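With the working numbering, you'll find the sequence shown wraps up at 114, consecutive numbering, no jumps. The C-beta atom is built at its ideal place from N, Cα and C for all residues, glycine as well. Predicted model only: the values in this text are computed from it and were never measured.
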Amino acid sequence: MSCFDFTIVEGEAVEDCIKRAYLEKPIERPVKLTIRAVSAIPRSYTDNHADACLAGLEWPSKRLDVSQVCKSLEGLAYDDIKRVAMVDAAKVYGSENKIDVRVEDLCY
Numbered sequence: 007m008s009c010f011d012f013t014i015v016e017g018e019a020v021e022d023c024i025k026r027a028y029l030e031k032p033i034e035r036p037v038k039l040t041i042r043a044v045s046a047i048p049r050s051y052t053d054n055h056a057d058a059c060l061a062g063l064e065w066p067s068k069r070l071d072v073s074q075v076c077k078s079l080e081g082l083a084y085d086d087i088k089r090v091a092m093v094d095a096a097k098v099y100g101s102e103n104k105i106d107v108r109v110e111d112l113c114y
């Protein structure tokens with residue numbers, strides 16, 4: 007089973023991130039995507055509020071379009087969007103705005 011991880015930093019093109027992380031040809035078997043959209047904690051939050059966010063007691067309300075992430079990987083990470091068999095997605099707070107993506111080949 008092959009697997010690769012990459013991070014999309016705010017303002018960076020998805021294609022550039024994938025090309026740096028994955029230099030092989032697109033996967034032609036079923037894949038699992040793990041997507042974590044990380045939102046920076048707003049500066050206006052108090053220290054206690056920020057600590058609660060990092061502890062997972064509060065969730066970001068920013069939009070995460072999972073289908074758009076899947077579509078943008080087509081032709082780069084996998085040959086066809088139909089290859090996406092499983093998706094695990096979440097929005098969390100962290101130090102910077104970014105999207106962490108893991109693509110796993112489900113076949114052995």
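For residue i, write down the residues that DSSP places opposite it in a beta bridge.
{"i": "Lys88", "result": "Answer is none; Lys88 lacks a bridge partner."}
{"i": "Gly100", "result": "Ala46"}
Smallest Cα separation from residue i: which of the options?
{"i": "Lys97", "options": "Leu63, Glu18 and Pro36", "result": "Leu63"}
{"i": "Ser101", "options": "Gly81, Val72, Met92 and Ala56", "result": "Ala56"}
{"i": "Tyr99", "options": "Ile24, Cys59 and Tyr51", "result": "Cys59"}
{"i": "Asp2", "options": "Pro48, Ala95, Arg35 and Glu110", "result": "Nothing can be reported for residue 2, as the shown portion of the chain is limited to 7 through 114."}
Let's test the definition: count the other Cβ atoms within 10 Å of the Cβ of residue i and tell me whether it reaches 16, buried, or not, exposed.
{"i": "Met7", "result": "Any reading at Met7 must be qualified, since the residue scores a pLDDT of 48, below 50, and its modelled position is unreliable; no value is offered."}
{"i": "Ser67", "result": "exposed"}
{"i": "Ile41", "result": "buried"}
Please confirm whether residue i and residue j have their CB atoms less than 8 Å apart.
{"i": "Glu16", "j": "Lys77", "result": "no"}
{"i": "Val107", "j": "Ile14", "result": "yes"}
- prompt: Quick one: complete alpha helix (DSSP H) runs, 4+ long, within the stretch 31–61?
  reply: 53–60
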